[in-house]
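*Asks:*
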Amino acid sequence: MGCSPVLKPASEAAGLGADWPGGFLCPCHGSKFDLAGRVFRGVPAPTNLPVPA
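Counting from 625, one number per residue, gives the positions in the sequence shown under the working numbering.
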């Protein structure tokens with residue numbers, strides 16, 4: 625992954641839809657991830673974010 629997803633809390637939902645629960649957004653490709661790092665359906669990212677052990 626060439627981009628680092630950034631935390632976007634629900635309070636910063638501008639442009640993400642009124643139902644954005646908060647999570648991570650990839651600024652390069654627009655992929656969205658929930659707060660646990662799980663990828664949303666219908667976005668370019670094929671997998672969840674890696675979780676450090």
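In this text, a Cβ means the ideal position worked out from N, Cα and C, and glycines have one as well.
List the whole-angstrom C-beta distance separating GLY646 from ALA634, where the pair is believed to meet the contact cut-off of C-beta under 8 angstroms.
*Replies:* Confirmed, about 4 angstroms.
*Asks:* Based on the DSSP output, what are the partners of PHE648 in its beta bridges?
*Replies:* Answer by DSSP bridge pairing, in chain order: LEU631 and PHE657.
*Asks:* Assuming LEU649 and VAL630 form a contact by the criterion Cβ under 8 angstroms, report the distance between their Cβ atoms to the nearest whole angstrom.
*Replies:* Confirmed, Cβ separation roughly 6 angstroms.
*Asks:* Using a 10 Å radius around the Cβ and a threshold of 16 neighbouring Cβ atoms, would you call SER655 buried or exposed?
*Replies:* Looking at its Cβ environment, which holds 16 or more other Cβ atoms inside 10 Å, SER655 is buried.
*Asks:* Once you ignore the five residues that flank GLY661 on each side, which residues in its own chain have a CB closer than 8 angstroms to its CB?
*Replies:* Only PHE648, ASN672, LEU673, PRO674 and VAL675 meet the Cβ criterion.
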